[in-house]
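Q: The structure is given below, and queries will be raised subsequently.
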Amino acid sequence: MITIENLHKSFGGVEVLKGASLEVSDGEVVALIGPSGEGKSVFLKHVAGLLRPDNGRIVFNGKDMCGLRQTELVELRSRFGFLFQNGALFDSMTVYDNVAFPLREKTRLSEQDIRGRVLSELEQVGLTGADDKFPAQLSGGMAKRAALARALVRSPEIMLFDEPTTGLDPIIVHSIHALIAATHKRLRFSGIVVSHAIPAIFSFVQKVAVLYGGVIRFVGTPKEIFKTDDTVVRDFIQGSLPADAFGLDEHASSQLNVKAQREGTR
Amino acid sequence: MESPADKWILTPIRKMGRGPLSVVGNMGRMGLFLGLAIFYTFAPPLKFFRILKQIRFIGSGSMFVIVLTGAFTGMVLGFQGYYTLSRVGSTAFLGSMVALSLLRELGPVLAALMVTGRAGSAVTAELGIMRITEQIDELEILGLNPFRYLVVPNLLAALISVPLLTAIFDVVGIFGGYLIGGKLLGVTAGSYFGAMTDYMDLKDVLIGLYKSICFGGIIAWVCCYKGYYAGFGAEGVSKATTQAVVLSSILILVCDYLLTSVLF
């Protein structure tokens, strides 16, 4: 279980996080949504221990991650998986070497065992046959899937996804979501997914958290978010629908909102 | 609302202080970076494959440019030395003059500057791109130490490669000087190489060696630091690369002066 308490973080005098708190139970996946520039990725990097908070605590299985020594933090981090927004694949390595890298560096498996694990993981994410390609030769969706394979190859207890579907077409978005849902079913990790794919993201998460104004403004199930009385959250959810983005008229917009609400409460 | 005292007294003082504070802060961070790099150099395990790869890149990859600049520097020294010495009728000392100039000063400094331009800038750009594409963060997430993977191999490779490149620069330069002095201007091989052995001792070689080791360390330190903490986007990487080359070059020249005055 991860508990994030009262997280504060400033960059150059600008306070990005102003006391954000969130709890993620074992085996639970939380969607972290909110307007762009609110600090969702910053929040996620704190959970991964990549950033240190100015104030606040991140407790993982009873241990305060902010108080750990570097060696303890490194040890703890090896139980985490992180899918970066752009995949962060090592561009000088092939897909195979990227996925094999954590196993080669952090385990004592033989090269034959590593090969088996890597090929199986690549098969799970639908990248069979792409193992000898370099990241520059992959499409956006393939790069995300390769990065997901690398993140999952060590069966992490905690998975953090930083906008896993940004910049992808709707079909790939659907396939990435299905992939995350399937791997969650298989590995039962706890996770946080930062996403703008509303309402599609609600289909496989257990909880939704809204980061707004530097704090977690709402936490609840996907059903509850559509019934909230908080007008800011409601406006955000409705404004997040594609209607506004595509300049549809009021009627079309409201139709889409109704449809989204139905999907969310299903 | 800003009071007149704030506007006319405190704000200018704050602005004046911001620059020096930023410089001191950066120096502190650079010092800490160097300390960590040295710590992880002596804390096993070392990544031998990466060290070899970087030796190949920094050392072997810089050979062509080092040989070329060494040859031309030696040839210029041959001409200039002959011209100067002929004024006082001592052209027989051309060999020792060329060798001393190269071994003690020009070899270490010019070789280091060439390595900074060719390999140091590339190291900064590579680390900078790894930083902005979150590959360094990914290493941390995988529970791997980026210093061990990225900084230590470059530091060790530079410490090994730069002295060797300097030695090659010196040898090529000495033969370049001979090509001009001996083959073109008529100084005999015996006089050229004889003067060299008569008027030089081990100390001159060691001074060049100490300098080149220091310069290798400076190149790796500054170039890795600038890449590791590169700013955002392509502009951040480009700025980091420029700063790395400029700062390394300045530090090499300052360090050269300090070492020359200490080891004189």
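Heads up: the protein sequence lines correspond to chains A and B, in order. Mind the numbering: the first sequence is residues 1 to 266 in our numbering, read in order. Mind the numbering: the second sequence is residues 1001 to 1264 in our numbering, read in order. Virtual Cβ for every residue (Gly too), placed ideally from N, Cα, C.
(1) As a quick exercise: from TYR212/A, GLN206/A and THR165/A, pick the residue whose alpha carbon is nearest that of GLU224/A.
(2) Which residues of chain B have a Cβ atom closer than 8 Å to the Cβ of SER78/A, listed in chain order?
(3) Are the CB atoms of GLY1176/B and GLY1070/B within a distance shorter than 8 Å?
(4) Report the residue from VAL118/A, ILE192/A and PHE90/A whose alpha carbon sits nearest the alpha carbon of PHE134/A.
(5) What first and last residue would you give for the alpha helix (DSSP H) that runs through ASP162/A?
(6) Would you verify that the beta carbon of GLU105/A is, or is not, closer than 8 Å to some beta carbon of chain B?
(7) From SER1238/B to MET1/A, what does the alpha carbon distance come to, in whole angstroms?
(8) Touching or not, the stretch 1139-1157 of chain B and the stretch 1051-1062 of chain B, by the rule of three or more beta carbon pairs under 8 Å?
(9) Could you check whether the Cβ of GLY264/A sits closer than 8 Å to any Cβ belonging to chain B?
(10) Closest Cβ-Cβ distance between LEU50/A and chain B: below 8 Å?
(11) Please state whether the Cβ-Cβ distance between PRO156/A and GLY34/A is less than 8 Å.
(12) From the beta carbon of PHE90/A, is the nearest beta carbon of chain B less than 8 Å away?
(13) Less than 8 Å separating the beta-carbons of GLY1208/B and THR1166/B?
(14) Using a Cβ cut-off of 7 Å, pull out every chain A residue sitting near THR1133/B, in sequence order please.
(15) What did DSSP end up calling ILE198/A once you bin it into helix, strand or coil?
(16) Take the Cβ of TYR1228/B as the centre, count every other Cβ of all protein chains shown within 10 Å, and call the residue buried at 16 or more, exposed below.
(17) Below 7 Å, is the gap between the Cβ of SER175/A and the nearest heavy atom of the ligand HEM?
(18) Am I right that PHE204/A and HIS177/A are in contact with their C-beta atoms under 8 Å? What's the rounded C-beta distance?
(19) Which bits of chain B does PHE134/A rub up against, with CB to CB less than 8 Å?
(20) Between ILE216/A and SER21/A, which are expected to be in contact by the criterion C-beta below 8 Å, what is the C-beta distance as a whole number of angstroms?
(21) Counting only the same chain and skipping the five closest in sequence on each side, list residues whose C-beta sits under 7 Å from that of VAL1115/B.
(22) Can you give me, in chain order, the residues of the stretch 158-183 of chain A that have a beta carbon less than 7 Å from any beta carbon in chain B?
(23) Is SER253/A close to chain B? Criterion is C-beta to C-beta, closer than 8 Å.
(24) ALA243/A CB to nearest chain B CB: under 8 Å?
(25) So who's on the other strand from THR272/A, going by DSSP bridges?
(26) With three or more C-beta pairs closer than 8 Å as the rule, is the stretch 1031-1038 of chain B touching the stretch 1125-1134 of chain B?
(27) What separation, rounded to the nearest whole angstrom, lies between the Cα atoms of PRO1146/B and LYS1183/B?
(28) Shorter than 8 Å from the beta carbon of GLU1235/B to some beta carbon of chain A?
(29) Let me confirm a value: PRO53/A is counted as buried when at least 16 other C-beta atoms fall within 10 Å, else exposed. Which label applies?
(30) Identify whether ASP1006/B lies in helix, strand or coil by the three-state DSSP scheme.
(31) Report yes or no: do the stretch 42-60 of chain A and the stretch 89-108 of chain A share at least 3 C-beta pairs separated by less than 8 Å?
(32) Would you say the stretch 141-152 of chain A touches the stretch 114-133 of chain A, given that touching needs at least three Cβ pairs under 8 Å?
(33) So within the stretch 88-156 of chain A, which uninterrupted beta strand (DSSP E) runs reach at least 3 residues, ignoring any that extend past its ends?
(34) Could you spell out where the alpha helix (DSSP H) holding TYR1040/B opens and where it closes?
(35) Just to confirm, is the Cβ distance from PHE43/A to LEU7/A under 8 Å?
(36) With a cut-off of 8 Å, does the C-beta of ASP1137/B fall near any C-beta of chain A?
A: Quick look at the numbers:
(1) Locating residue 224/A in the first sequence gives position 224, where the first residue counts as 1. With distances taken between Cα atoms, GLU224/A lies closest to GLN206/A.
(2) In the first sequence, counting from the first residue as 1, residue 78/A sits at position 78. Result: LEU1142 and GLY1143.
(3) Within the second sequence, residue 1070/B is the residue found at index 70, counting from 1. Within the second sequence, residue 1176/B is the residue found at index 176, counting from 1. Yes, the pair counts as a contact, with Cβ atoms nearer than the cut-off.
(4) The sequence position of residue 134/A within the first sequence is 134, counting from 1. Checked all of VAL118/A, ILE192/A and PHE90/A; the closest Cα to PHE134/A is PHE90/A.
(5) As a first step, residue 162/A is located in the first sequence; it is residue number 162 there, counting from the start. Premise fails: ASP162/A lies in the beta strand (DSSP E), 158-162, not in any alpha helix (DSSP H).
(6) On the first sequence, position 105 is the one that residue 105/A refers to. Yes, contact with chain B.
(7) Here residue 1238/B refers to the residue found at position 238 of the second sequence. Here residue 1/A refers to the residue found at position 1 of the first sequence. Approximately 42 Å, taken between the alpha carbons.
(8) yes
(9) Counted from its first residue, the first sequence places residue 264/A at position 264. Low local confidence applies: a pLDDT of 41 at GLY264/A is under 50, so the model's placement there is unreliable, with the coordinate-based value given in what follows. Cβ-Cβ to chain B under 8 Å: no for GLY264/A.
(10) Taking the first residue of the first sequence as 1, we reach residue 50/A at position 50. True, the Cβ-Cβ gap to chain B drops below 8 Å.
(11) On the first sequence, position 156 is the one that residue 156/A refers to. On the first sequence, position 34 is the one that residue 34/A refers to. No, the pair does not count as a contact, with Cβ atoms beyond the cut-off.
(12) By 1-based counting over the first sequence, the position of residue 90/A is 90. PHE90/A counts as touching chain B.
(13) Within the second sequence, residue 1208/B is the residue found at index 208, counting from 1. Within the second sequence, residue 1166/B is the residue found at index 166, counting from 1. Taking 8 Å as the Cβ cut-off, GLY1208/B and THR1166/B qualify as a contacting pair.
(14) In the second sequence, the residue the question calls residue 1133/B occupies position 133. Residues of chain A passing the Cβ test: ASN86 and ALA88.
(15) Here residue 198/A refers to the residue found at position 198 of the first sequence. Of the three classes helix, strand and coil, the one that applies to ILE198/A here is coil, per DSSP.
(16) Position 228 of the second sequence, counting from 1, holds the residue named residue 1228/B. Flag for TYR1228/B reads buried.
(17) With respect to the ligand HEM, the structure offers nothing, as it holds no ligand at all.
(18) Residue numbering aside, residue 204/A sits at position 204 when the first sequence is read from its first letter. Residue numbering aside, residue 177/A sits at position 177 when the first sequence is read from its first letter. With a Cβ gap of about 6 Å, PHE204/A and HIS177/A count as contacting.
(19) Residue 134/A sits at position 134 when you count from the first residue of the first sequence. Chain B residues near PHE134/A: none, gap ~14 Å exceeds 8 Å.
(20) Here residue 216/A refers to the residue found at position 216 when the first sequence is read from its first residue. Here residue 21/A refers to the residue found at position 21 when the first sequence is read from its first residue. Yes, they are in contact, since the Cβ atoms of ILE216/A and SER21/A sit about 6 Å apart, within 8 Å.
(21) As a working note, residue 1115/B is residue 115 in the second sequence. So the qualifying residues of the chain are ILE1058, SER1062, VAL1162, LEU1165 and ILE1219.
(22) none
(23) For the purposes of this step, residue 253/A is identified with residue 253 of the first sequence, where counting begins at 1. Caution is warranted here: a pLDDT of 45 is assigned to SER253/A, below 50, making its placement in the model unreliable, and no coordinate value can be reported.
(24) The residue you call residue 243/A lines up with position 243 of the first sequence. Bear in mind that the predicted position of ALA243/A carries a pLDDT of just 41, short of 50, making it unreliable; the figure below should be weighed with that in mind. No, its Cβ sits nowhere closer than 8 Å to a Cβ of chain B.
(25) Coverage of chain A is limited to positions 1 through 266, which leaves residue 272/A absent and any answer about it impossible.
(26) no
(27) Position 146 of the second sequence, counting from 1, holds the residue named residue 1146/B. Position 183 of the second sequence, counting from 1, holds the residue named residue 1183/B. For PRO1146/B and LYS1183/B, the distance between alpha carbons rounds to 52 Å.
(28) Here residue 1235/B refers to the residue found at position 235 when the second sequence is read from its first residue. Taking Cβ atoms only, chain A never reaches closer than 8 Å to GLU1235/B, which makes this a no.
(29) Counting from 1 along the first sequence, the entry for residue 53/A is found at position 53. Per the 10 Å Cβ criterion, buried.
(30) Here residue 1006/B is taken as the residue at index 6 of the second sequence, counted from 1. Three-state DSSP puts ASP1006/B in a helix.
(31) no
(32) yes
(33) none
(34) Taking the first residue of the second sequence as 1, we reach residue 1040/B at position 40. Per DSSP, TYR1040/B belongs to the alpha helix (DSSP H) from 1011-1042.
(35) Numbered from its first residue, the first sequence carries residue 43/A at position 43. Numbered from its first residue, the first sequence carries residue 7/A at position 7. In contact: PHE43/A and LEU7/A (Cβ atoms closer than 8 Å).
(36) Taking the first residue of the second sequence as 1, we reach residue 1137/B at position 137. Chain A contact via Cβ: present.
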